[in-house]
Each structure stands twice: as C-alpha cells, then as structure tokens.
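Comments concern the structure below.
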Amino acid sequence: MSLSKKVPETSTLKDDFDRDGFIAVRPLFNAERMAEINRELDRYLRDCVPLMSETDVYYEDKANRATVKQMMFLERYDPFFSDLLKSSLVHDLAETVLGEPAIAQNMEYFNKPPGIGKQTPPHQDGYYFKIDPPQAVTGWLALEPVDAENGCLQYVRGSHRGEGWRPHGRSEILGFSQGITDFGTPDDIANTVAMPGGAGMLLMHHCKTVHWASPNRSPTRSRRALGFVFYGESARPDEAAKRAYQAKLDAELKAANKI
Ligand SMILES: O=C(O)CCC(=O)C(=O)O
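When you line the sequence shown up against the numbering used here, it's residues 859 to 1117, in that order.
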C-alpha cells in the first residue's frame, strides 16, 4: 500500500523536507502500535541488552545498568526491530523525502534518563556517516511525550542547505563524539525550532540538518526515542574512514572506562 494512503498530506512532505530539512508526522503510529513498540523495547532491554557488544550500548552511569542512554544496531540483535527498521512506514517515508530508494543502516535508541540525561550537542549526522553525496535521513520516533523539560529535539530550519559541513570538534558527551564548534550564530538562533510531541510522533531530518537537544531537567520522566538511519542508494560511504574513526573512538572510550 502506498504511503499516501496511510499518512495524511504526504504530497507536501517532500516539499516541506526540501525547504526545512525536516518533517514531523504527529502521530505516525497510533496508541496501540506504540504500546506494542514500547512493550517490545522493554523486552529488548531485559533480554537483548546483556548480549550486546559493549560498543553498541552506552550507559549514562556505567555502574547502573538501568541507565541505558543509547544503543546502536538493534536490528542486528532482534527480528522485531529489524522489521521495524526495514519494513515499516518509516522506510516508506525515507524514500518519499529522499526521492530515491532508501537502504536501512541502523536502528538506534536514544534515552535521557530522568535527572541525569545529558544534552545532545549540536551536530549534523552526515558528519559522522562519511558519505558522498550527502543523501541520508534519520527518522526519530518519540516513545513517550517529549517537550522542553525532558529534552525534545531542536532543529535549525534550512541548515541542510548550507555549503559543505559545519566545523565539528570532539565533544565529551558519550554517544555524540563530535559537536559543531561554531554553533550559536544569529542564523542558528533565529531558525531554531523546538519539536515537542506525543508518543508516536515521527520526526525525520536530512543528514545535513543541524540539531541538538537540552539535558533532561525532569526528575521523574525519561525521554525515550528510536532512531532510524537510511542512506539513499546514491550515497557512497567511505567504509575504511568510518571503521578507522570508530575503532579509535571505541579504544578511547574503553581507556576512559566510559564503555
Ligand atoms: O535523541 C537525541 O537527543 C539525539 C538524536 C539524534 O541526534 C539523531 O537522531 O540524529
């Protein structure tokens, strides 16, 4: 079934994406589907996390296994999340906004545990992806209500249309090793848009779109989301450069006892 039969107003989604560098579908998945996804995630946290490589799961506090803050490649460990990444409406949406076949790369989990969830530094995903041309998107599915208090995403509207990449440098935030070093220009401030929403809201951003999030300031609420990464079939990854960067990062994080 085509996406347009399931998601209202899809005819404007590509135009909106090309203009702004992101779209929001509120909601993409209804309450019943979100209850299922949240149940499966709880199962995954209980049964699959203990089997994951230490380089694929990060904790806000490594001594407390209840503080999982980020996971990568869920699709490699579990068929439910593999299907969700490769066969759900999110994949169709990625093809709609990219305007070409989309190849699933990575299902991620982003949490900000209550009270201790740190900020997400301003960054462009494509800076990490090392692809050319920069034809890639990330879908971001809210698993619970997100707002200014628990650290919803913030986008800089139109930032995907800038030349090249913004300068990035090493960040001390686990899971986001690179952040934009000149962030906070008048253009960044004027065009920042907060993206609050309920469980089931699906955001999707271009890999050049600048985005960030505040720390979780709620003492009681977490801020859980799934990330869906897709490359357009025209994007050529520099696999050797990516592997070399990841190996160096993993070694540094292990040496610092962060993973
Ligand atoms: O969830 C977050 O705070 C960051 C997510 C992110 O950077 C992404 O989806 O590309």
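All C-beta atoms in this analysis are idealised placements derived from N, C-alpha and C, irrespective of residue type, glycine included.
Simplified DSSP assignment, three categories, for N964: strand
According to DSSP, is D990 helix, strand or coil? strand
Using a Cβ-Cβ cut-off of 6 Å (strictly less than) and excluding sequence neighbours within five positions of V948, which residues of its own chain qualify? G997, F1086
I need the DSSP call for Y1103, collapsed to helix, strand or coil. helix
Just verifying my parser: in three-state terms, what is the DSSP assignment at V1068? coil
Got a sec? Which residues, its chain only, sit under 6 Å from R1094 by beta carbon, not counting five neighbours each side? D990
For A882, the first and last residue of its enclosing beta strand (DSSP E): 880–883
According to the Cβ coordinates, are T1067 and I1031 closer than 9 Å? no
So, are the CB atoms of M910 and E966 less than 9 Å apart? no
Please report the straight-line C-alpha distance between N1115 and A1048, rounded to a whole angstrom. 39 Å
Is the beta carbon of N922 less than 9 Å from the beta carbon of R1081? no
Are T1050 and R1015 closer than 9 Å when you measure CB to CB? yes
Bridge-paired residues (DSSP) for F1088: A962, V995
For the alpha helix (DSSP H) that contains A1048, what are its first and last residues? 1044–1049
Is E966 near ligand 1, going by C-beta to nearest heavy atom under 8 Å? yes
Under 8 Å: does the beta carbon of G1009 sit that close to some heavy atom of ligand 1? yes
Round the Cβ separation of L956 and L1084 to the nearest angstrom and send it over; I've been treating them as touching at under 8 Å. Actually they do not touch by this definition, with Cβ atoms about 19 Å apart.
In whole angstroms, what separates the C-alpha of H981 from that of R904? 31 Å
Are the beta-carbon atoms belonging to H1069 and Q993 less than 9 Å from one another? no
For R897 and P1044, I'd like the C-alpha separation in whole angstroms. 43 Å
Scan the region 901–981 and note each continuous beta strand (DSSP E) run of 3 residues or more that stays entirely inside, going in chain order. 915–917, 926–929, 960–969, 978–981
Residue span of the beta strand (DSSP E) that contains H1018, given as start and end: Note, H1018: premise wrong, no beta strand (DSSP E); not H, not E.
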